[in-house]
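Peer 1: Dumping the structure here so I can ask a few things about it.
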Amino acid sequence: GRTEETLEAAAEELRKAGGDVETFVGDITATEGANAFVAAAKARFGDQIHVLINNVGGSVWSPFAEITDEEWLHVFNLSFFSAVRVSRAAFPGLEAGGGSIVNVSSIFGRENGGPISYNAAKSAMISMSSNLAIEATKKGIRVNSVAPGSIIFPGGSWERKQKADPEAMAKFVEDSIPGGRFGTPEEVAAVVTFLASPKASWVLGACLNVDGGQSKSNF
320 GRTEETLEAA AEELRKAGGD VETFVGDITA TEGANAFVAA AKARFGDQIH
370 VLINNVGGSV WSPFAEITDE EWLHVFNLSF FSAVRVSRAA FPGLEAGGGS
420 IVNVSSIFGR ENGGPISYNA AKSAMISMSS NLAIEATKKG IRVNSVAPGS
470 IIFPGGSWER KQKADPEAMA KFVEDSIPGG RFGTPEEVAA VVTFLASPKA
520 SWVLGACLNV DGGQSKSNF
């Protein structure tokens, strides 16, 4: 999970690989936390921001009739409004740096499947990304999004399910993922890196699936 300890462990790996890394622990479900995060980045690396990746999300696994207003608001606050807040705070720096925003959504922001509150929030993220791209390009900022499918990683929900019932997970993969396996974080990161890079200079307002063919959407 995302804790201060796991954050520092990831940062140390990047430092060993030669990266210049600064970590920040805060609450971006609050405007103050989002503003503090961006301020800390500028204080450490300068006023220009070249890349912003919004990759925060969560869900409530309950039937629709049992989800409270507070739970709906929590999911949207975490999975959608966090990206709005950080993007807004970073906008001047992104304009100064000719930057790029990549929002991490989900294939279930494009079609049915998964928890209903999560789907709705991730759909909102894709719509926001597409519309913001039109406004932001006038400021020299590119905005795109990615829609991962089922991604497996140590400690994640798919790994836990695979360990608990490997036969059921094998059947799920066979039935649902034409690529024949779960995706990896590295495969998502490769697409995010492309969208954030000058190689994607003419990609604007797009949402790219990273799902091994799992999505059934025509759009």
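Positions in the sequence shown are counted from 1; adding 319 to them yields this note's numbering. Backbone N, C-alpha and C define an ideal beta-carbon position, used for all residues, glycine too. Small disclaimer: the values here were computed from a predicted structure and weren't measured.
By a C-beta neighbour count over all protein chains shown, 10 Å radius and 16 as the cutoff for buried, is D366 buried or exposed?
Peer 2: Flag for D366 reads exposed.
Peer 1: Going by DSSP in three states, L282 sits in which element: helix, strand or coil?
Peer 2: Absent from the structure is residue 282, since the part of the chain shown begins at 320 and ends at 538.
Peer 1: Using 8 Å for Cβ pairs, my map puts I368 next to G418. What's the rounded Cβ distance?
Peer 2: Contact holds; Cβ gap of about 5 Å.
Peer 1: Which of the three DSSP states, helix, strand or coil, is assigned to V522?
Peer 2: Coil at V522, not helix or strand.
Peer 1: Mapping the DSSP letters down to three states, classify V403 as helix, strand or coil.
Peer 2: Looking at V403 - three-state DSSP - the assignment turns out to be helix.
Peer 1: Pull up the DSSP beta-bridge partners for A557, would you.
Peer 2: In the structure as shown, the chain starts at 320 and stops at 538, and residue 557 therefore has no counterpart that could be examined.
Peer 1: Determine, using beta carbons only, whether S378 comes closer than 8 Å to chain B.
Peer 2: Of the protein chains in this structure there is only one, and it is not chain B.
Peer 1: Answer yes or no: do A467 and V421 have a C-beta to C-beta separation smaller than 8 Å?
Peer 2: In the sequence as presented, Ala is not what sits at residue 467; that position holds Pro. No. Outside cutoff.
Peer 1: Please work out which residues of its chain come closer than 7 Å, Cβ to Cβ, to T456, disregarding the five sequence neighbours upstream and downstream, and give them in chain order.
Peer 2: Excluding sequence neighbours, T456 sits near L523.
Peer 1: Assuming N422 is part of the beta strand (DSSP E), what are its boundary residues?
Peer 2: First-last of the beta strand (DSSP E) with N422: 419 to 423.
Peer 1: Considering only the beta carbon of each residue, do A353 and V405 sit closer than 8 Å?
Peer 2: Yes, Cβ-Cβ distance for A353 and V405 is below 8 Å.
Peer 1: Could you say which of R407, K480, A489 lies nearest to F356 if we only look at CA atoms?
Peer 2: Of the candidates R407, K480, A489, the one whose C-alpha sits nearest the C-alpha of F356 is R407.
Peer 1: Give me whichever residues DSSP pairs with R461 in a beta bridge.
Peer 2: Per DSSP, S419.
Peer 1: Rounded to whole angstroms, how far is the Cβ of V423 from the Cβ of I372, which I believe are closer than 8 Å?
Peer 2: Their Cβ separation, rounded to whole angstroms, is 7 Å, which keeps V423 and I372 in contact under 8 Å.
Peer 1: Determine, using beta carbons only, whether Y437 and S401 come nearer to each other than 8 Å.
Peer 2: No.
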